[in-house]
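Per full-length UniProt numbering: the sequence shown = residues 1 to 333.
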Amino acid sequence: CVFVVAKRNSASPVALTCNRMTSGPVTWKLHGEVVDEYYALQDGQNLILSEVHAPMLGEYSCWKGTEKLSSTFLLMEADEEDEIDSFLRCRAKSYDCSFSCMWTGGKYTAVRLGLGHECTDGQKSCKWVSSSDQQQNQFVLTHSRSPYAEESTELEVTVEAIENFHFLKRTKLLFLRDIVIPDSPQIIRCEEVDQHLNVTVDPPSSWSTPHTFFSLEHEIEYMFRDDGRTERSSSTLIPKSISRLRVRSRDPLVLSAWSQWTPWKNTQTMTTFVSAAKNTSKWEIPFCLKTFIHSHLTCRSLFQFDLQSVRALYVCVCVLACQHTGFTKTTDY
């Protein structure tokens, strides 16, 4: 589909080209009717339009006798003052090679998205993406950036939309780290340890691996059995006298947005008893050490360091802690 966009409130003429060469004169039509010579001048096989107004928008076609040679849609720039963030929202479930964008500008009937400067500049090499019938107004874009490298340049997301022969084009610049929102985590089990419950939480299946490198921090919200009071904790060790709990997660190194909460879970149906004796075959990094690491490595003032180095340091400190205590087997957290 070929289209030409006229600038709003511009006195500059617009040229339409018959995209199939032929000998002799051609006839131009608008919506099947011969173009009025009052506002159009034919220059060989091209059609020159003076100031473009709403009645002049639509499908122009050039004809050789009864044969249709080509067609071009004449559109006009949309009079849209809203910022792109008001109708395009993007989210990445992980640092892997794709992310999704949701289009909320309901009045536009045809929408497509493209990634990269080729789309911003309108080059033919741009790979446009349309929404599927199953996920209307939902677009999945792929990129080739390494999940292990620090982002130095923003991604360019370009949207083109058409409504009643009016054309909207906007570009959104974003860093992947700013749109990362994990899926809800998985509550694996609750273990009764003395007067507490030790909650085991795993990252969602969609989260980047290995989890020792792409760590998540979890927040647990729980409800007390006696009075229905709720509290939240960043520790996996919570009071035993609760009736239910739920969990959410985020990336602690970039302070991403929190995931959605998991559904509430009844603790009575998922609690097992664990002996107070120390299990030396499996050692979990103490919460105090996790808290220390998080508090020193999540500060945004440290972003002059490469994010890969920060993540690597995070893992190294944990390994050294294990070696210092004499344990060689650690849990993935």
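C-beta: ideal position from N, C-alpha, C; glycine also. Note that the structure is predicted; figures quoted are calculated from it, not measured.
Cβ-based neighbour list, residue i, same chain, cut-off 6 Å, excluding 5 preceding and 5 following
| i | result |
| --- | --- |
| Trp264 | Arg244, Arg246 |
| Trp207 | Ser94, Pro182 |
| Tyr39 | Ser50 |
| Ala11 | Glu51 |
| Ala92 | Phe99, Leu176, Ile179, Val180 |
| Lys64 | Thr22, Val26 |
| Val35 | Trp28 |
| Lys68 | Ser61 |
| Thr209 | none |
| Cys119 | Cys126, Thr158 |
| Ser132 | none |
| Leu41 | Ile48 |
| Gln135 | none |
Cβ-Cβ separation, residue j to residue i (assumed contact under 8 Å), whole Å
| i | j | result |
| --- | --- | --- |
| Asp202 | Ile188 | 5 Å |
| Lys127 | Gly106 | Contact doesn't hold; Cβ gap of about 25 Å is too wide. |
| Cys190 | Thr267 | 5 Å |
| Leu168 | Glu80 | 5 Å |
Nearest residue (CA-CA) to residue i, options the options
| i | options | result |
| --- | --- | --- |
| Arg177 | Cys97, Arg248, Ile48, Leu49 | Cys97 |
| Trp261 | Glu83, Tyr222, Leu88, His143 | Tyr222 |
| Val193 | Leu216, Asp121, Ser241, Ala149 | Ser241 |
| Asp226 | Leu216, Arg232, Ser215, Pro239 | Pro239 |
| Gly44 | Pro55, Met56, Asn19 | Asn19 |
| Glu154 | Gly116, Phe165, Tyr108 | Gly116 |
| Glu33 | Thr66, Asp121, Gln135 | Thr66 |
| Ser215 | Tyr148, Thr272, Val159 | Tyr148 |
| residue 370 | Gly228, Thr269, Pro204, Pro210 | Examination of residue 370 is not possible in this model, given that the chain is present from 1 through 333 alone. |
| Thr272 | Arg89, Phe213, Gln195, Arg229 | Gln195 |
| Leu88 | Thr230, Asn137, Asp251, Glu151 | Asn137 |
| Phe213 | Arg229, Val199, Cys90, Asp251 | Asp251 |
| Thr171 | Asn46, Asp85, Leu41 | Asp85 |
| Val199 | Met270, Gly24, Leu16, Gln123 | Met270 |
C-beta atoms of residue i and residue j nearer than 8 Å
| i | j | result |
| --- | --- | --- |
| Ser184 | Phe139 | no |
| Glu77 | Arg8 | yes |
| Thr104 | Val2 | no |
| Leu57 | Phe165 | yes |
| Leu174 | Val159 | no |
| Arg112 | Ser130 | yes |
| Ala110 | Ala54 | no |
| Glu163 | Tyr108 | yes |
Neighbourhood of residue i by C-beta distance below 8 Å, restricted to the same chain and skipping five residues each side
| i | result |
| --- | --- |
| His218 | Pro185, Val201, Ser234, Thr236, Val247, Arg248, Ser249 |
| Val14 | Val4, Ala6, Ile48, Leu49, Val52, Leu74 |
| Ser70 | Val2, Cys18, Asn19, Arg20, Ser61, Cys62 |
| Phe224 | Thr230, Glu231, Pro239, Ser241, Ile242, Ser243 |
Neighbourhood of residue i by C-beta distance below 7 Å, restricted to the same chain and skipping five residues each side
| i | result |
| --- | --- |
| Met102 | Arg89, Asn137, Gln138 |
**OP:** May I have a chain-ordered list of the alpha helix (DSSP H) segments no shorter than 4 residues that lie completely inside the UniProt domain "Interleukin-12 beta central" (86-162)?
**Re:** 117-120
Original post:
Taking the runs of the beta strand (DSSP E) that are 3 residues or longer, which of them lie wholly in the segment 231-270?
Top reply: 237-239, 242-250
Original post:
Mind pulling the alpha helix (DSSP H) runs of 4 or more residues that sit fully within the segment 15-41?
Top reply: none
Original post:
At what residue ranges does the segment 181-228 contain a whole run of the beta strand (DSSP E), taking only runs of 3 or more?
Top reply: 186-193, 196-202, 217-224
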